[in-house]
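Below: the structure, in structure tokens.
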């Protein structure tokens, strides 16, 4: 997302990550949640009240209109149920992300709110909640079920965050131009080659973003989603990328090495090595 995903109080992503915790949710049956009887007489605050920038939709038309209005922005939809403890547990993370991610749209769908909302869940094929669906241009680009705050944050970074200091490469020409631009400036090019629907790619991406911000004076970070176009799939074959994520290290116009995997420490070590920093294990 834009502005390095800073929150309303200026907190950075690291602070946001710490405040969100890392517990994993396991999901609850939407059918069971929908059949539960709500309790009465309680004065406890409903956490699903209109909150922060999370848009709670109550009709299918409201949902479709919200997707239409978002245009090319990343849209994160949480499908939840009022009596699901796991939905309640993950929702504060949605609220915090809605404050931090100025260029994403966050939508809440309560599947047991009405017959129409149940129909909306059925349209998307939701069986358990909480279930997260990521949209761009009204198209589903990713889904997650039973995740915790850290994974949700990683997904938002991976599928959004156009303001991270990472160049998005959409063609072989983009890569060639980038290599040519930095051939003589001594900077290390770190190119993340992955796929849109790749768990390990998503897992390591927040580390990649963090490194890009810290090392912008000495390195240039870029990303290729190989399944974006046939041309990029061909480029992956040309680069001999057979597993993802693969990180290419390019300096002085030549590929100097690569790292295949999603280990955070290993990635840092490889980058430092190709920057010329002595690394001992």
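In this note's numbering, the protein residues as written are 11 to 291. We treat Cβ as the ideally placed atom computed from N, Cα and C, and that holds for glycine.
Closest in C-alpha terms to residue 116, from the list 270, 231, 146, 287, comes 146. If the five residues before and after residue 245 are omitted, its C-beta is found closer than 6 Å to the C-beta atoms of 182, all from its own chain and listed in chain order. Annotation for residue 147: no beta strand (DSSP E) segment contains it, and DSSP assigns it neither H nor E. Membership of residue 189 in any beta strand (DSSP E) is not indicated; the residue belongs instead to the alpha helix (DSSP H) covering 182–191. The C-beta separation of residue 215 from residue 84 comes to about 14 Å, leaving the pair out of contact by the 8 Å criterion. For residue 76 against residue 162, the beta-carbon gap comes to about 19 Å, at or over 8 Å, which does not count as contact. When C-beta atoms of the stretch 201–217 are compared with those of the stretch 225–240, three or more pairs fall below 8 Å, so the two segments count as touching. Annotation: the continuous alpha helix (DSSP H) that includes residue 280 extends over 274–284. It is roughly 42 Å from the alpha-carbon of residue 254 to the alpha-carbon of residue 124. By the criterion of a C-beta distance shorter than 8 Å, residue 155 is surrounded in its chain by 37, 138, 140, 141, 142, once the five residues flanking it on both sides are discounted. Counting the other Cβ atoms within 10 Å of the Cβ of residue 174 gives 16 or more, which makes it buried.
Short of 8 Å from the beta carbon of residue 211, and not among the five residues preceding or following it, lie these beta carbons of its own chain, in chain order: 168, 202, 204, 205, 254, 255, 272.
Scanning 112, 120, 166 for the CA closest to the CA of residue 92 turns up 120.
Listed in chain order, the beta strand (DSSP E) elements of length 3 or more contained wholly in the stretch 198–274 are 198–204, 229–235, 256–261, 264–270. Here residue 262 is near residue 193, since their CB atoms are less than 8 Å apart. Within the model, the alpha-carbon separation for residue 200 versus residue 82 is close to 27 Å.
A Cβ-Cβ contact shorter than 8 Å links residue 266 with residue 259. Counting only the Cα atoms, residue 187 lies some 13 Å from residue 230. Taking residue 196 as reference, the option from 66, 160, 227, 171 with the minimal CA-CA separation is 227.
Taken atom to atom, the span from the alpha-carbon of residue 131 to that of residue 287 is near 52 Å.
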